[in-house]
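In UniProt numbering, the protein residues as written are 1 to 394.
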Amino acid sequence: MTEDILEELQRYVGFSDGDGEALRELHPIACAHFERIADVFYRRILEHPGAREALEGGESRVGHLKVTLQDWMGSLLLGPWDAAWFERRCRIGRVHVRIHLPQHYMFGAMNLLRQELTAVLEESLRGDPARAARLGRALGKILDLELAIMLHTYREDLLAQSARSERLATFGQLVGSIGHELRNPLGVIETSLFILKGRPAAKEDARVVKHLDRIGEQVEVANHIVTSLLDMIRSSPLVRAPLRLAQVWASALEAVTPPAHVRVREEGLEALPPLEGDAVQMRQVFVNLLQNAVQALGEREGEVWLTADVPEAGARRVRLVLEDSGPGLDPAIRARVFEPLMTTKARGLGLGLALVRRILERHGGGIAYAPAEAGAGPGGARFVMELPLTLEPS
């Protein structure tokens with residue numbers, strides 16, 4: 001599939017082996033200017049608040065990002081422009097999607113690189129216009145190809161969102177129908193159970209009392225399932241108010257009450273500025289993630305760790321990472337972990353993470369499963385969340 005898309009894009013822009021040779025010919029001319037171009041590139045980003053906000057890791061990471069951009073320009077001109085290169089470029093595009101980088105900033109950045117590299121080419125080959133034109137055509141094609149790949153990743157995300165919305169709509173219709181149909185018989189069982197428990201004969205037989213209590217417990221379980229399903233499809237309006245995530249987290253801890261063998265830590269929450277959002281729904285996000293982490297640890301000792309990246313001045317988003325020292329998620333299900341009814345537990349409906357994503361997206365944020373590098377972090381499941389400091393107008 002990857003090779004098919006790459007070949008189609010290469011044919012569409014007319015990228016040939018000759019263009020590849022021309023780009024390699026251009027590399028020794030341009031590489032001496034990579035450091036200066038990277039400086040210009042990130043200086044321009046820092047001049048624009050919207051683009052600066054999208055810098056992953058903030059301004060403190062600019063030095064590292066400049067080196068990464070120089071490597072990117074090197075592979076732009078040296079290739080090979082194969083399936084592995086295509087996948088690396090797609091990963092860059094998916095990062096842009098994940099950090100909600102507006103497409104116009106991506107276009108502007110590519111245009112800046114085009115201008116700078118073209119200026120180097122024209123200045124260096126001023127005395128050989130034919131060669132400059134040949135290398136310039138190849139440069140234009142590869143930059144168009146880069147831009148097409150970036151747009152491909154945005155289209156991937158758009159199609160995924162559309163498919164997810166369709167699944168949720170179908171799921172919602174089914175759940176709404178089943179949920180309301182189940183409420184009536186469950187209500188009848190509860191009423192009948194109440195009457196039976198009030199009978200003197202029932203109170204005198206310990207076995208009858210035991211079984212009636214068991215029926216009552218299972219009715220509660222069934223009601224909880226129905227409520228969870230209906231909560232998943234409801235779109236109750238957000239209660240917009242300033243909230244402190246540290247307080248919301250503390251409230252979630254009280255609700256979950258992790259066992260003694262699970263150590264829970266947090267870092268950076270107190271330093272976060274107030275966010276605008278719905279405290280009740282954000283509490284549900286933390287409760288669901290905490291419950292999953294505690295259940296993943298089971299009876300063994302472990303830890304759950306929530307960290308917050310304190311936003312730099314002018315930033316409009318915050319980043320939270322929740323990870324545990326459990327077994328992590330099977331790679332086979334990671335792509336589907338936020339889908340409704342997707343679960344690896346013996347018991348459970350698989351609605352917790354779906355609801356978490358729904359709440360965060362309604363707040364203008366998002367969540368992704370992002371396993372830590374080997375040897376970094378506790379080594380279990382790792383979820384990365386992003387939230388805006390203020391909500392968009394509804």
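For each residue, glycine too, the CB sits at the ideal point set by N, CA and C.
> Under 9 Å, do glycine 18 and alanine 138 count as touching if we go by C-beta distance?
Replying inline: yes
>> Tell me which residue opens and which closes the beta strand (DSSP E) that aspartate 309 is part of.
In response: Its beta strand (DSSP E) spans residues 302 to 309.
>> Among the candidates Phe86, Ala381, Ala51, Ala293, whose CA atom is the shortest distance from the CA of leucine 145?
In response: Looking at the Cα atoms, Phe86 is the closest of the given residues.
> Since leucine 353 is in the alpha helix (DSSP H), which residue starts that stretch and which ends it?
Replying inline: That run of the alpha helix (DSSP H) goes 352 to 362.
> Under three-state DSSP, which class holds glycine 277?
Replying inline: Looking at glycine 277 - three-state DSSP - the assignment turns out to be strand.
> By DSSP, does isoleucine 367 sit in helix, in strand, or in coil?
Replying inline: It is a strand residue.
> How big is the Cα-Cα spacing for alanine 346 and alanine 201?
Replying inline: Low local confidence applies: a pLDDT of 46 at alanine 346 is under 50, so the model's placement there is unreliable, and no value is given.
> Just the Cα atoms here: how many angstroms apart are alanine 90 and histidine 96?
Replying inline: Note that residue 90 is cysteine in the sequence shown here, rather than alanine. About 10 Å.
> Given 8 Å as the limit, is there contact between the stretch 189 to 203 and the stretch 235 to 255, that is, 3 or more CB pairs closer than that?
Replying inline: no
>> Below 8 Å, how does it come out for the stretch 147 to 167 and the stretch 25 to 42: are there three or more Cβ pairs, yes or no?
In response: no
> For valine 296, which residues from the same chain have a beta carbon less than 7 Å from its beta carbon, with the 5 sequence-adjacent residues on both sides left out?
Replying inline: Note that residue 296 is alanine in the sequence shown, not valine. Excluding residues within five positions, the ones whose Cβ falls inside 7 Å are Asp324, Gly326, Pro327, Gly380, Ala381.
>> I need the DSSP call for alanine 51, collapsed to helix, strand or coil.
In response: helix
>> Is the separation between the beta-carbon of valine 294 and that of alanine 252 shorter than 9 Å?
In response: Not closer than 9 Å, so no.
> With which residues is phenylalanine 383 paired in a DSSP beta bridge?
Replying inline: The partner list for phenylalanine 383 (beta bridge, DSSP) reads Leu322, Tyr369.
> Alpha carbon to alpha carbon, how far is leucine 77 from glycine 20?
Replying inline: Cα to Cα, the separation comes out at about 8 Å.
> Quick one: Cα of alanine 222 to Cα of alanine 206, how far?
Replying inline: 24 Å
>> Please give me, in chain order, every unbroken run of the alpha helix (DSSP H) with length at least 4 that falls completely inside the stretch 133 to 215.
In response: 200 to 204
>> arginine 334 and proline 371 - do their beta-carbons sit closer together than 9 Å?
In response: yes
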